[in-house]
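Participant: Those protein sequence lines, which keep their order, are chains A and B.
When the letters of the first sequence are read in order and numbered with our numbering, they come out as residues 6 to 437.
When the letters of the second sequence are read in order and numbered with our numbering, they come out as residues 138 to 473.
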Amino acid sequence: MNYRNISLFAVVFVFLIIVGFYQSWNVAFGLLNLCLLSAIMSLGVNIQWGYAGLFSIGTVGFVALGGVAAVLTSMPPVEEAWRTGGAGVLTALIAAIITIVIAIQLWKRLASGTVRNVLMIIVLISGFFIFRGLLDPATAIIEKINPAGTGYLGGLGLPVIFSWLVGGLFAAGAAWVIGKVSLGLRSDYLAIATLGIAEIIIAVIKNEDWLTRGVKNVTGIPRPTAYEVDLQKNEAFINNVNWLGMEVVEASSLYVKFSYGILFVIVLAIILWLSEKALNSPWGRMMRAIRDNEDAASAMGKDVTKRHLQVFILGSAVCGIAGAMMTSLDGMLTPQSYQPLRFTFLIWVMVIVGGSGNNWGAVLGGFLLWFFWIEVEPIGHWLLSILTSGLPNDLPFKEHLLESAAHMRLITMGAILLLTLRFAPRGLIPEK
Amino acid sequence: MDALHALIVLANFVIVPAIAYGSQLALGALGITLIVGVLRFSNFAHGETMAFGTMVVILVTWWFQSIGLSIHPLPTALIALPFGILGCIAIVLLTDKFVYKFYRKTKSSPVVLVMASLGVTFIMNGVIRFVIGPGDQRFADGQRFIMKAREFKEMTGLKEGLAIKVTQSITLVTAIIIVAALFWFLNRTRTGKSMRAFSDNEDLALLSGINPERVVTITWIIVAILATVAGTLYGLDKTFKPFTYFQLLLPMFAAAVVGGLGNPVGAIVGGFVIAFSEILITYAYKKVFTYLLPSDFAPNTLIQLLSTDYKFAVSFAILVLVLLFRPTGLFKGQST
Chain A
6 MNYRNISLFA
16 VVFVFLIIVG
26 FYQSWNVAFG
36 LLNLCLLSAI
46 MSLGVNIQWG
56 YAGLFSIGTV
66 GFVALGGVAA
76 VLTSMPPVEE
86 AWRTGGAGVL
96 TALIAAIITI
106 VIAIQLWKRL
116 ASGTVRNVLM
126 IIVLISGFFI
136 FRGLLDPATA
146 IIEKINPAGT
156 GYLGGLGLPV
166 IFSWLVGGLF
176 AAGAAWVIGK
186 VSLGLRSDYL
196 AIATLGIAEI
206 IIAVIKNEDW
216 LTRGVKNVTG
226 IPRPTAYEVD
236 LQKNEAFINN
246 VNWLGMEVVE
256 ASSLYVKFSY
266 GILFVIVLAI
276 ILWLSEKALN
286 SPWGRMMRAI
296 RDNEDAASAM
306 GKDVTKRHLQ
316 VFILGSAVCG
326 IAGAMMTSLD
336 GMLTPQSYQP
346 LRFTFLIWVM
356 VIVGGSGNNW
366 GAVLGGFLLW
376 FFWIEVEPIG
386 HWLLSILTSG
396 LPNDLPFKEH
406 LLESAAHMRL
416 ITMGAILLLT
426 LRFAPRGLIP
436 EK
Chain B
138 MDALHALIVL
148 ANFVIVPAIA
158 YGSQLALGAL
168 GITLIVGVLR
178 FSNFAHGETM
188 AFGTMVVILV
198 TWWFQSIGLS
208 IHPLPTALIA
218 LPFGILGCIA
228 IVLLTDKFVY
238 KFYRKTKSSP
248 VVLVMASLGV
258 TFIMNGVIRF
268 VIGPGDQRFA
278 DGQRFIMKAR
288 EFKEMTGLKE
298 GLAIKVTQSI
308 TLVTAIIIVA
318 ALFWFLNRTR
328 TGKSMRAFSD
338 NEDLALLSGI
348 NPERVVTITW
358 IIVAILATVA
368 GTLYGLDKTF
378 KPFTYFQLLL
388 PMFAAAVVGG
398 LGNPVGAIVG
408 GFVIAFSEIL
418 ITYAYKKVFT
428 YLLPSDFAPN
438 TLIQLLSTDY
448 KFAVSFAILV
458 LVLLFRPTGL
468 FKGQST
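1. Are the CB atoms of A450 (chain A) and S43 (chain A) nearer to each other than 8 angstroms?
2. Taking its Cβ as the centre, do 16 or more other Cβ atoms sit within 10 Å of V360 (chain B), making it buried, or is it exposed?
3. Please compile the residues from chain B whose C-beta is within a distance smaller than 7 angstroms of the C-beta of S187 (chain A).
4. In three-state DSSP terms, what is M251 (chain A)?
5. Pick from A:E436, A:E204, A:S117 and A:H412: whose alpha carbon is nearest that of D297 (chain A)?
6. How close, in whole Å, do the beta carbons of G371 (chain A) and L433 (chain A) come, if the pair is a contact with beta carbons under 8 angstroms?
7. Between D446 (chain B) and chain A, is any beta-carbon pair separated by less than 8 angstroms?
8. Using the Cα positions of F390 (chain B) and P227 (chain A), report the straight-line distance between them to the nearest angstrom.
9. So M284 (chain B) is in the beta strand (DSSP E); what residue range does that whole segment cover?
10. What does S179 (chain B) touch in chain A if you count any residue whose Cβ is under 8 angstroms from its own?
11. Below 9 angstroms between beta carbons is the criterion; list the residues of the segment 262 to 283 of chain B that meet it against any residue of chain A, in chain order.
12. Mind checking E148 (chain A): buried by the 16 CB within 10 Å criterion, or exposed?
13. Between B:A163, B:F239 and B:V251, which lies nearest to V406 (chain B) when the distance is taken from Cα to Cα?
14. Taking the DSSP output, what are the residues bridged to A421 (chain B)?
15. Three-state secondary structure (DSSP) at L338 (chain A)?
16. In terms of residues, what are the limits of the alpha helix (DSSP H) holding S234 (chain B)?
17. In angstroms with no decimal places, state the Cα-to-Cα distance between T100 (chain B) and V257 (chain B).
18. L346 (chain A) to F376 (chain A), Cα distance in whole Å?
19. Can you list, in chain order, the stretches of the beta strand (DSSP E) that have 3 or more residues and sit fully within the segment 160 to 221 of chain B?
20. If we count Cβ pairs, one from each stretch, closer than 8 angstroms, do we get three or more for the segment 405 to 417 of chain A versus the segment 382 to 389 of chain A?
21. Please compile the residues from chain B whose C-beta is within a distance smaller than 7 angstroms of the C-beta of A420 (chain A).
22. Excluding the 5 residues flanking T419 (chain B) on each side, which residues of the same chain have their C-beta closer than 8 angstroms to its C-beta?
23. I need the straight-line Cα distance from L323 (chain B) to T356 (chain B), nearest angstrom please.
24. Got a sec, what are the start and stop residues for the alpha helix (DSSP H) H405 (chain A) sits in?
25. Using 8 angstroms as the limit for Cβ to Cβ distance, is S472 (chain B) near chain A?
26. Would you say R431 (chain A) faces chain B, with C-beta separation under 8 angstroms as the test?
27. Less than 7 angstroms between C-beta atoms, sequence neighbours within five positions excluded: which residues of the same chain meet that for L268 (chain A)?
28. Does P464 (chain B) have its Cβ less than 8 angstroms from a Cβ in chain A?
29. Just to make sure I have the definition right: I need the residues of chain B whose C-beta is within less than 7 angstroms of the C-beta of H412 (chain A). Which are they?
30. Rounded to whole angstroms, what is the Cα-Cα separation between T473 (chain B) and S331 (chain B)?
31. Below 8 angstroms between beta carbons: does that hold for L309 (chain B) and G168 (chain B)?
32. Need the endpoints of the alpha helix (DSSP H) that H386 (chain A) sits in, please.
33. Is E148 (chain A) close to chain B, meaning its C-beta is less than 8 angstroms from at least one C-beta of that chain?
34. What does G256 (chain B) reach in chain A if we use C-beta pairs closer than 7 angstroms?
35. Any beta carbon from chain A within less than 8 angstroms of L496 (chain B)'s own beta carbon?
36. Identify whether K302 (chain B) lies in helix, strand or coil by the three-state DSSP scheme.
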């Protein structure tokens, strides 16, 4: 870290402090928390792209899987649903696993030819029908139980912090499947495959009501921190706030945001420390060697496909962890909010602008770009209203322009990405 | 008789829509595959290119409608199509000049070009939402059906109807014309042959005096034509919504990969493979089986393999199967 990098980080914090003074400290801390989450996600993408040159555009899917993990680990179980439909769902899932195992064994053990193909098709198709036959009645029962309140299986009722790890594991599992299929082929196949898996993960979250309540959203996910309502009744807290001369309601919400911030900083610090260690180890050097020249690395006896799989899983797991953290910050899972433009491409822009291959760069990109993502809309609106101030107020064209200011975000982010790629492809904090 | 009824139900709800959808996908996949063949990268902005061309068509259509210009019973969009194509050609040539050309000159790796295409996706998406908004736009006018279900029933005296929409038949006819013209161009003209030579072996093509920039420009023009036509046909048949066009990227890529990236014939076959599988797997067969089975065995569920929300899963599954078992696609394409 030299003075230049430190001053770049300082600039971001000055921006946040300006927001704190001119808008409110609540807004500033809200921004800071999401900046921290963005930094973790961009560390994840940086592991894939910066270390190994893997082009994966399914970040939104892994983030969403993290969100599902938060629900499945921390929500209280719905007893009645488990009693009536739990067994059905579990046997269906076991049947699905057995089918896949049999199919893989057939593939491995039989000689290639028509017999193997026909057998595999028979196994897979009959397995699918058994799976659906077992699953459909069970889910129908589960979704009928109090559909307005629950209508799903619920989770395990464990502390929500625990789900952050589970989110990483979920994402790692999905990444393993995708990586197995598409790594080792031409580089853009991974991009297409991850784009696809992300769409499917989100489709599952939206439609499988028995698992995630679908578009009805899961609300009230337990928090790892205090609740505002409790703080506002707490004598000691009120006394402290009065002593500081602040308003109780505002202070309670600041306190909650601040505690989230501390937890996020701890996670970010751990992941950043591990990433730095990994990048500067023999493993990290091998990864960069593979990235820079695959042929030479494999001639030196490195198993390129296996290393790629490893690094792809690690990066996705980090995105999954961030996804679980974000859902526990929001306290709810809203499947419609998982937009690829917001969660995949924005994170990519963060990594490229910050400096791919450099962990500090990715963190800086996360902070800076999230800040811009939020602030571009008011700035765009302000710019357009200045540009159109000469036009009469009842002109439909002017109204249209002002209404469309929200889309300035996409244009700005695309322009930032293209300009960085073209003129400063190494980013703000380049790789050493 | 019941078997005939079952067949008509199937034709009405599966075969006719799948042929139309397949033609749209095939045109889209052709664009993707041509870019892979000549420019050697996967263009993730292709969905947006389609949406942009369609947007221009829609705007011109609205203008024509407002001045009362129409070609009833055909949709007005057909006469607006050339304007959309011109707009789309302009935008792709501009992006090529300002974005892709630099990476081509510096011989950057394909992945950098793919990433630049993501930036283009962003900007185009923003521009489209800025101009026409993120919502649904309907612009189909003229007659809706060539044959209504009721007319078919009266004509044949059968219990089931077969409806054919005007947009479906326009899709098929236009697609056939465009594809025939494309193959004539690629196989018969000098420029088309130089394009294929460039796609097969860049160095040899350069040695024999083919001008690479000219080949690239012509490829972009063809891609813009294909994309605008595909997008307009899709928008006429269903509806225009920017995000849907972005989502079309997956089935279109799946179609191109299934057929073999870089192989035009493969892209067309791939488009129909994807369209038919998507619709066959997400269709509810209850009515078909009610006709086919004796009344005692009549099904009481929908008999739907997957709900329509999972149609992306179908193209994805096909994509994965091809990647696992035949990475070069059904027809030999590029795999490395």
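Glycine included, every Cβ here is placed at the ideal spot set by N, Cα and C.
What you are looking at is a predicted structure, and each value in this text was computed from that prediction instead of being measured.
Facilitator: Inspection of the coordinates gives the following:
1. Summary: the structure shown does not reach residue 450 (chain A), with chain A confined to residues 6 through 437, and so no result is reported for it.
2. Taking the first residue of the second sequence as position 1, residue 360 (chain B) is located at position 223. V360 (chain B) should be labelled buried.
3. Along the first sequence, read from residue 1 onward, the residue named residue 187 (chain A) stands at position 182. The answer, in chain order, is L460.
4. For this step, residue 251 (chain A) is matched to residue 246 along the first sequence. Coil, per DSSP.
5. In the first sequence, counting from the first residue as 1, residue 297 (chain A) sits at position 292. Considering only alpha carbons, the answer is A:E436.
6. In the first sequence, residue 371 (chain A) corresponds to position 366, counting from 1. In the first sequence, residue 433 (chain A) corresponds to position 428, counting from 1. Not a contact, Cβ separation roughly 12 angstroms.
7. By one-based count along the second sequence, residue 446 (chain B) stands at place 309. Yes - at least one Cβ of chain A is within 8 angstroms of the one on D446 (chain B).
8. Position 253 of the second sequence holds residue 390 (chain B). Position 222 of the first sequence holds residue 227 (chain A). Rounded to the nearest angstrom, the two C-alpha atoms are 41 angstroms apart.
9. Along the second sequence, read from residue 1 onward, the residue named residue 284 (chain B) stands at position 147. For M284 (chain B), the enclosing beta strand (DSSP E) covers residues F282 to M284.
10. By one-based count along the second sequence, residue 179 (chain B) stands at place 42. Near S179 (chain B) (Cβ distances below 8 angstroms), the residues of chain A are D193, A196 and I197.
11. Result list: N262, G263, V264, I265, R266, F267, V268, G270 and P271.
12. Translated into positions along the first sequence, residue 148 (chain A) becomes position 143. Buried, because 16 or more other Cβ atoms sit within 10 Å of the Cβ of E148 (chain A).
13. On the second sequence, position 269 is the one that residue 406 (chain B) refers to. Closest option to V406 (chain B), judged by alpha-carbon separation, among B:A163, B:F239 and B:V251: B:A163.
14. Counting from one through the second sequence, the residue named residue 421 (chain B) turns up at place 284. DSSP lists B:Q441 as the beta-bridge partner residues of A421 (chain B).
15. Position 333 of the first sequence, counting from 1, holds the residue named residue 338 (chain A). Under the three-state reduction of DSSP output, L338 (chain A) falls in the strand class.
16. Against the second sequence, residue 234 (chain B) aligns to sequence position 97. Note that residue 234 (chain B) corresponds to Lys in the displayed sequence, not to Ser. Counting along the chain, K234 (chain B) falls outside any alpha helix (DSSP H), and DSSP gives it neither H nor E.
17. Because residue 100 (chain B) is not part of the residues shown, which for chain B are 138 to 473, the question remains open.
18. Taking the first sequence and counting its residues from 1, one reaches residue 346 (chain A) at position 341. Taking the first sequence and counting its residues from 1, one reaches residue 376 (chain A) at position 371. Pairing L346 (chain A) with F376 (chain A), the inter-Cα distance amounts to about 16 angstroms.
19. Runs found: none.
20. As far as the Cβ criterion goes, the segment 405 to 417 of chain A touches the segment 382 to 389 of chain A, which means the pair count is three or higher.
21. On the first sequence, residue 420 (chain A) is found 415 positions in, with the first residue counted as 1. Neighbours of A420 (chain A) on chain B, chain order: I260.
22. Translated into the one-based positions of the second sequence, residue 419 (chain B) becomes position 282. Cβ within range, chain order: Q441, L442, L443, S444, T445, Y447, K448 and V451.
23. One-based indexing of the second sequence puts residue 323 (chain B) at position 186. One-based indexing of the second sequence puts residue 356 (chain B) at position 219. Looking at the two C-alpha atoms, the distance is approximately 11 angstroms.
24. Here residue 405 (chain A) refers to the residue found at position 400 of the first sequence. Where H405 (chain A) is concerned, the enclosing alpha helix (DSSP H) starts and stops at P401 to E408.
25. Translated into positions along the second sequence, residue 472 (chain B) becomes position 335. Only weak support exists for where S472 (chain B) lies, its pLDDT of 48 falling under 50; the coordinates are left without a value.
26. Residue numbering aside, residue 431 (chain A) sits at position 426 when the first sequence is read from its first letter. So no, R431 (chain A) is outside the interface.
27. Your numbering for residue 268 (chain A) matches position 263 in the first sequence. Excluding residues within five positions, the ones whose Cβ falls inside 7 angstroms are P229.
28. Reading the second sequence from its first residue, position 327 is the one you call residue 464 (chain B). True, the Cβ-Cβ gap to chain A drops below 8 angstroms.
29. Locating residue 412 (chain A) in the first sequence gives position 407, counting from the first residue. Among the residues of chain B, those whose CB is under 7 angstroms from the CB of H412 (chain A) are G263, R266 and F267, following chain order.
30. Counted from its first residue, the second sequence places residue 473 (chain B) at position 336. Counted from its first residue, the second sequence places residue 331 (chain B) at position 194. Note that T473 (chain B) scores 42 on pLDDT, short of 50, meaning its location in the model is unreliable; the coordinates nonetheless yield the value given after this. About 23 angstroms.
31. If you number the second sequence from 1, residue 309 (chain B) lands on position 172. If you number the second sequence from 1, residue 168 (chain B) lands on position 31. Contact flag unset, no.
32. As a first step, residue 386 (chain A) is located in the first sequence; it is residue number 381 there, counting from the start. Here the alpha helix (DSSP H) through H386 (chain A) covers N364 to L392.
33. The residue labelled residue 148 (chain A) in the question sits at position 143 within the first sequence. E148 (chain A) does not count as touching chain B.
34. Residue 256 (chain B) sits at position 119 when you count from the first residue of the second sequence. G419, L422, L423 and L426, listed in chain order.
35. Residue 496 (chain B) lies beyond the residue range present for chain B, which begins at 138 and ends at 473; the question has no answer from this structure.
36. Here residue 302 (chain B) corresponds to residue number 165 of the second sequence, with the count starting at 1. Note: K302 (chain B) maps to strand in three-state DSSP.
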